[in-house]
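A short worksheet on the structure shown next.
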Amino acid sequence: MASSLTLANVDAGYGAVRVLEDVSLTVGAGETVALLGTNGNGKSTLMKSIMGIVRPSAGRITATIDDATHELVGRSTEEIVDLGIAFVPEGRRLFPKQTVTENLLLGAYRPTARSAIARNLDFCFETFPRLKERARQLAGSMSGGEQQMLALARALMSSPRILLIDEPSVGLAPLLVSRTIDKIKELKEGFNLTVLMAEQNFTQAVRIADRGYVIVHGRIAFEGESAEALNNNELIREFYLGA
Amino acid sequence: MDASLDLLLNAVISGLLLGGFYAAVSIGVAISFGMLDIVNIAHPGFILLGSYVAYFANTVLGMDPILAAVIALPAFYALGALVYQIYYIAFERRQDQSLGGLSFFFGLLFITEVGLVLIFGVDYRLVQARYIGPSLNLGWVELPLRLFVPFLVSMVMVVGLQLFLSRSFLGRAIEAVAQDQLALRLMAANPTRIKRVAFGLSFATAAIAGAILIIIQPVEPSIGREYIGRVFAICVLGGLGSFSGMVIAAVTLGVVESLTATFFGPSWAPAVSFGVLLVTLAVRPSGILGR
Ligand SMILES: Nc1ncnc2c1ncn2[C@@H]1O[C@H](COP(=O)(O)OP(=O)(O)O)[C@@H](O)[C@H]1O
Ligand SMILES: [Mg+2]
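Just so you know, the protein sequences line up as chains A and B, in that order.
Take the position in the first sequence, starting the count at 1, then add 1; the result is the number in the numbering used here.
Take the position in the second sequence, starting the count at 1, then add 11; the result is the number in the numbering used here.
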């Protein structure tokens with residue numbers, strides 16, 4: 002069954018400050034879409050708008066989950082997650098004083114996820130053996146890379162159909178970045194997910210993305226229909242590849 | 012047996028039993044203050060409300076005080092949920108918890124006390140039950156049932172709540188709610204609802220603690236104040252958010268107070284218990300089992 006996400010002409014911001022202007026974007030069923038842009042261009046604001054953390058002042062956001070379509074604007078964050086959209090936010094937002102296992106079990110709070118808890122936990126521990134070793138450790142005492150893995154695993158514990166990830170590479174050593182990106186691909190395939198991933202690390206993101214958007218000053222400046230199209234784009238050369 | 016050894020043993024035993032009672036009194040604050048960051052200084056007042064419910068059911072209906080408390084649990088839970096909802100709308104939502112919230116709970120303490128005075132007067136009240144009076148004689152030590160039954164009830168309540176918090180989805184969300192509310196939303200949980208349930212539970216423990224209190228000693232409406240300092244000391248000493256730490260702290264304080272009262276006189280007990288608090292916090296600022 003298919004799950005996808007569409008933003009149509011979305012404006013959003015904080016109080017009087019408008020950040021997103023007329024943003025339209027789609028993530029098709031089973032796709033991995035990269036949202037590319039350097040710091041401060043509105044990637045996180047876009048993700049927060051989808052999740053109901055920032056309320057758009059105009060435009061529509063719709064999600065199709067297993068062939069049923071829902072309007073997201075106006076819904077609370079917890080309702081949106083309950084529909085089957087999981088979000089790994091900036092800064093990971095783990096529960097630092099809870100253990101790895103407790104964090105994962107909290108991920109399965111969503112009623113629909115509770116019956117799948119054993120299967121999801123097995124899958125997470127299989128994909129991230131390190132988490133199994135550290136099952137009883139407090140989340141706050143783990144390294145940045147381990148925390149990122151836990152954040153991803155915790156999001157998957159809610160049995161989502163759509164996964165949003167905000168800058169998974171932030172704060173990780175280069176070797177860990179490519180490993181994390183590989184894991185995202187693995188999880189996406191294992192759970193049959195539709196993924197929207199915000200990244201500054203262009204080279205890494207494009208490795209697993211089917212398509213991508215470049216966001217500049219809150220507007221979609223370029224839409225790349227394939228990884229090659231992104232690679233050959235002027236804007237990207239300018240911003241990322243220094244050419 | 013040596014007389015002073017006998018004295019020591021009995022002091023330790025009654026200290027343990029007293030500690031069990033302290034745990035029942037503190038567990039509500041361990042939830043509200045330790046897990047929800049709500050400085051509920053009115054909790055001892057709510058416990059007194061529990062005492063008078065038990066007193067009323069006992070004298071008017073001839074009911075066992077503990078049974079009365081169990082029957083009153085849903086009403087206490089609902090009252091707690093209501094108190095939280097008012098607190099949330101008036102203070103928490105406006106980010107005015109610290110001073111506004113403190114005066115709110117101080118006001119509730121005052122209203123509860125005055126209400127109890129108006130209804131029941133200022134005289135000491137007590138309850139009747141078969142276990143008030145006799146002791147279990149274990150040969151080398153006397154176990155007064157008046158303390159032993161409350162100890163058991165308290166432990167059942169603590170263990171029950173601990174299991175609920177660690178084993179249920181709702182319980183785990185309660186343990187996490189103070190750490191990051193947005194993160195909890197991202198787990199599909201509504202933090203306000205979670206806190207309302209938790210505060211309802213915290214309030215409900217006052218029904219049990221109140222019944223225990225009036226079994227152990229006669230009560231008058233303002234007696235709860237004696238416990239405010241001790242209860243917060245126990246929660247901080249145990250490590251905020253940790254029930255097992257809270258129980259260890261409650262029992263430690265009970266034993267230390269009992270020993271001090273036996274060998275140096277009761278007036279030294281509070282000084283020694285706060286001494287224990289200060290020393291522990293100097294060595295372990297997060298408390299005995301704080302995370
Ligand atoms: N909570 C906030 N309040 C006001 N302005 C914000 C807030 N968060 C982000 N901004 C502003 O919105 C713009 C876009 O930020 P953000 O969406 O975080 O970009 P990115 O994730 O691409 O780095 C920036 O100019 C930033 O200063
Ligand atoms: Mg960002």
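For each residue, glycine too, the CB sits at the ideal point set by N, CA and C.
- Under DSSP, A:Ser-5 shares a beta bridge with A:Thr-65.
- B:Tyr-33 sits away from B:Val-247, with the two beta carbons spaced by 9 Å or more.
- Per DSSP, A:Leu-197 is one residue of the beta strand (DSSP E) stretching across 195-200.
- Beta-bridge partners of A:Val-207 (DSSP): none assigned.
- The beta carbon of A:Gln-148 does not come within 9 Å of any beta carbon belonging to chain B, so the residue lies off that interface.
- Placement of the Cβ of A:Thr-46 at a distance of less than 8 Å from at least one heavy atom of ligand 1 is found.
- Relative to ligand 1, the nearest heavy atom lies less than 8 Å away from the CB of A:Ala-199.
- The DSSP assignment places complete alpha helix (DSSP H) segments of no fewer than 4 residues inside the segment 217-259 of chain B at 236-249, in order along the chain.
- For A:Ser-159, the chain B residues whose Cβ falls inside 9 Å of its Cβ are Leu-197, Met-198, Ala-199, in order along the chain.
- No heavy atom of ligand 2 is found nearer than 8 Å to the CB of A:Asn-202.
- None of the residues of the segment 178-197 of chain A has a beta carbon lying less than 7 Å from any beta carbon of chain B.
- Using a C-beta cut-off of 8 Å, the segment 170-179 of chain A makes no contact with the segment 7-22 of chain A, since fewer than three inter-stretch Cβ pairs fall below that distance.
- Excluding residues up to 5 positions away in sequence, Thr-27, Thr-63 lie with their Cβ nearer than 6 Å to the Cβ of A:Thr-7 in the same chain.
- Chain A has a Cβ within less than 9 Å of the Cβ of B:Gly-252.
- Among the bridge pairs identified by DSSP, A:Phe-223 is matched with A:Val-215.
- In the displayed model, B:Ile-24 falls within a helix according to three-state DSSP.
- Per DSSP, the unbroken alpha helix (DSSP H) holding A:Val-178 starts and ends at 175-192.
- Listed in chain order, the beta strand (DSSP E) elements of length 3 or more contained wholly in the segment 92-159 of chain B are 146-148, 153-155.
- Residue pairing by DSSP places A:Glu-72 opposite A:Thr-63 in a beta bridge.
- The alpha-carbon separation between B:Arg-204 and B:Leu-288 amounts to approximately 34 Å.
- DSSP, read as helix, strand or coil, puts A:Ala-13 in strand.
- Of A:Phe-88, A:Asp-23, A:Leu-84, the smallest CA-CA separation from B:Leu-193 is found for A:Phe-88.
- Taking 7 Å as the Cβ-Cβ cut-off, the segment 169-196 of chain B approaches chain A at Phe-180, Arg-183, Ala-184, Glu-186, Ala-187, Gln-190, Asp-191, Leu-193, Ala-194, Arg-196, given in chain order.
- In the three-state reduction of the DSSP assignment, B:Phe-32 falls in the helix class.
- Residues of the segment 94-107 of chain A with a C-beta less than 8 Å from any C-beta of chain B: Arg-94, Leu-95, Phe-96, Pro-97, Lys-98, Gln-99, Glu-103, Leu-106, Leu-107, listed in chain order.
- From the beta-carbon of B:Arg-302, the residues of chain A found nearer than 7 Å are Lys-98, Leu-139.
- At least one heavy atom of ligand 1 is found less than 8 Å from the C-beta of A:Thr-39.
- Restricting attention to A:Ala-156, A:Ile-221, A:Ile-81, A:Val-101, the CA atom closest to the CA of A:Lys-44 is found in A:Ile-221.
- Checking the DSSP bridge columns, you'll see A:Leu-37 partnered with A:Glu-200, A:Val-215.
- Under the 8 Å Cβ criterion, the segment 162-175 of chain A does not count as touching the segment 117-135 of chain A, having fewer than three qualifying pairs.
- Burial check for B:Tyr-135: the Cβ neighbour count within 10 Å stays below 16, so the residue is exposed.
- Annotation: B:Ala-41 to B:Phe-254 spans about 7 Å, alpha carbon to alpha carbon.
- Contact between the segment 126-138 of chain A and the segment 95-105 of chain A is present, with at least three C-beta pairs closer than 8 Å.
- In this structure, B:Ala-220 lies near B:Val-36, with their beta-carbon atoms less than 9 Å apart.
- By the C-beta criterion, the segment 65-83 of chain A is judged not to be in contact with the segment 139-152 of chain B, since fewer than 3 inter-stretch pairs fall below 8 Å.
- DSSP places B:Ser-43 within a helical segment (H, G or I) once states are collapsed to three.
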